[in-house]
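Residues 20 to 357 (the working numbering) make up the sequence shown, in order.
In this text, a Cβ means the ideal position worked out from N, Cα and C, and glycines have one as well.
The structure displayed is predicted, hence computed values, not measured ones.
A quick write-up on the structure given underneath.
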Amino acid sequence: MRFASGKLGLAAATGVTLLLAACGSSVNSGSAASSAPASSAPASSAPASSAPASSAPAAPACGKWAIAMSPWAGYTASAQVVTNVAESLGCTITQTTLDEGATTYDAMEAGSVDAVMEDWGGGRWDEWVQRGAIKEIGANGNVGLIGMYVPQWMADKYPDITDSKNLNKYADLFKTPESGDKGAWYEGPPGYTTIGEKMIEANKLNFKAINTGSEAALIDILTKADKNQTAALAYWYEPQNFNSKVKLARINFPANDWTDPTTASGLTDYPETVLKKLATTKLLDSGDPFAQLMQNFTWTNADQNGVAADIEAGIDPAEAAQKWIDAHADQVKGWIGQ
């Protein structure tokens, strides 16, 4: 779902991602001191026991760790939920915003960040794994899909527009002063994995890739295209709470073998991606409660979208995360081995 360095970070180093990745939202530069709900069980009134103290080893204290952050609300939602739970265990968590891909992996290798909540890279981290710096620690439960989208009204009015073979027929509808005599192809922001120019060239499309600068700009373009019924072809991704507000239709490109994204022809859609978590070997070897939490954390696209929606509505990320934690206490207990 990306190739330059972004949301779908398909090893081509673009990244949803892509789409995905993809991905305006606020991200904390430091974590909020929010805690998971305390037990409601009453304190025991029984007299202190005179039995000898247990010889079982005490649970390890939780240390200081850093989560790499990416600039979309869904990522913030995942990271803040884990931050709140970790802080309730006594951990000190820092959130550090970095570009996806190599920049983040280098920071992990250098020891300045310890965990990634959601990577769209499809294995682009292998070089760092081979050096023993980081490890893939499983899926986070979210499934990402990046692609090129038009407002739903266009698909309703021009039913064949969702087939990439017909895009040139409609290119004039997408012309802007910036795109000149070609249709405007709005790309994902810097730092997201994108392969737009490659797709345009491979499919011989009469479109020009336009750098939108931010996810907020993409949202503005798609919102206005929907409201005013103006044409727009833009990079977008899911999971994303925006999709419940504005209906979009995805353009279908020819299938392609993505086993080696670096040699893929670009004639394809961005692939569906099971999003992965990454952690440093330092964290995993520490025996720290945060390591167990990171390994066990998993939730759904719907879970992420719900917390992201609250964040986008202006609720503080720590408060939005705690709201979800309080409503899913049993699930959280499973993450921390209770």
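Look at the alpha carbon of residue i and the alpha carbon of residue j, and state the distance between them as a whole number of angstroms.
i: Ile-240; j: Gly-215; result: 17 Å
i: Glu-257; j: Gln-350; result: 23 Å
i: Asn-247; j: Asp-175; result: 15 Å
i: Leu-297; j: Asp-335; result: 26 Å
i: Lys-243; j: Val-265; result: 10 Å
i: Thr-300; j: Pro-308; result: 14 Å
i: Gly-151; j: Glu-220; result: 38 Å
i: Arg-15; j: Leu-164; result: Only positions 20 to 357 of the chain appear in this structure, which leaves residue 15 out of reach.
i: Asn-222; j: Tyr-289; result: 14 Å
i: Trp-318; j: Lys-154; result: 20 Å
i: Ala-60; j: Ile-330; result: Since pLDDT at Ala-60 reaches only 39, below the 50 mark, its modelled position is unreliable, and no value is offered.
i: Ala-57; j: Thr-111; result: Low local confidence applies: a pLDDT of 37 at Ala-57 is under 50, so the model's placement there is unreliable, with the coordinate-based value given in what follows. Those two C-alpha atoms are separated by around 18 Å.
i: Asp-138; j: Asp-118; result: 11 Å
i: Ile-344; j: Asp-200; result: 51 Å
i: Tyr-177; j: Asn-230; result: 26 Å
i: Ser-50; j: Ala-337; result: Because the pLDDT of Ser-50 is 40, which lies under 50, any placement of that residue in the model is unreliable, and the number read from its coordinates should be weighed accordingly. Cα to Cα, Ser-50 sits roughly 8 Å from Ala-337.
i: Ala-203; j: Ser-183; result: 15 Å
i: Ala-92; j: Gln-341; result: 15 Å
i: Ser-263; j: Ala-321; result: 11 Å
Between which residues of its own chain and residue i is the CB-CB distance below 7 Å, once the five residues before and five after are set aside?
i: Ala-98; result: Ile-86, Met-88, Gln-114 and Met-136
i: Asn-187; result: Leu-224 and Asn-225
i: Asn-185; result: Asp-179
i: Val-293; result: Ala-158 and Val-162
i: Glu-291; result: Val-162 and Leu-164
Along the chain, where does the alpha helix (DSSP H) that runs through residue i open and close?
i: Asn-225; result: Neither: Asn-225 is in no alpha helix (DSSP H) and is coded neither H nor E.
i: Val-101; result: 92-107
i: Ala-340; result: 336-346
On the DSSP bridge assignment, give the partners of residue i in chain order.
i: Glu-155; result: Leu-297
i: Tyr-254; result: Met-167
i: Gly-353; result: Answer is none; Gly-353 lacks a bridge partner.
i: Gly-202; result: Lys-194 and Phe-226
Is residue i near the ligand ADP - that is, is its Cβ less than 8 Å away from at least one heavy atom of it?
i: Gln-341; result: Among the ligands in the structure shown, none appear at all, so the ligand ADP cannot be discussed.
First and last residue of the beta strand (DSSP E) that includes residue i?
i: Trp-318; result: First-last for Trp-318: undefined, no H or E at that position.
i: Gln-114; result: 111-116
i: Asp-138; result: 134-138
Once you ignore the five residues that flank residue i on each side, which residues in its own chain have a CB closer than 8 Å to its CB?
i: Ile-355; result: Val-104, Leu-108, Pro-308, Gln-311, Leu-312 and Asn-315
i: Ala-181; result: For the record, residue 181 in the displayed sequence is Thr; it is not Ala. Correct list, in chain order: Val-169, Ala-174, Ala-268, Arg-269, Ile-270 and Asn-271.
i: Leu-302; result: Trp-84, Asp-133, Ala-134, Phe-309, Ala-310 and Met-313
Under 6 Å Cβ to Cβ from residue i, same chain only, skipping five residues before and after it: list those, please.
i: Ser-64; result: With a pLDDT of only 40 at Ser-64, under 50, the local geometry of the prediction cannot be trusted, and no value is derived from it.
i: Ala-250; result: Leu-192 and Phe-193
Query raised in the report: Within the chosen definition, does the region 311-329 reach the region 187-194 through at least 3 CB pairs nearer than 8 Å?
Result: Counting C-beta pairs closer than 8 Å gives fewer than three between the region 311-329 and the region 187-194, which falls short of the contact rule.
Query raised in the report: Per the contact definition of three or more C-beta pairs closer than 8 Å, is the region 226-243 in contact with the region 205-215?
Result: Output reads yes: the region 226-243 touches the region 205-215.
Query - Cβ contact check for the region 121-129 and the region 242-261: 3 or more pairs under 8 Å - result: no
Requested in this report: Give a yes or no on contact between the region 167-184 and the region 339-354, applying the rule of three or more CB pairs nearer than 8 Å.
Outcome: no
Requested in this report: Decide if the region 100-107 is in contact with the region 142-154; the criterion is three or more beta carbon pairs, one per stretch, under 8 Å apart.
Outcome: no
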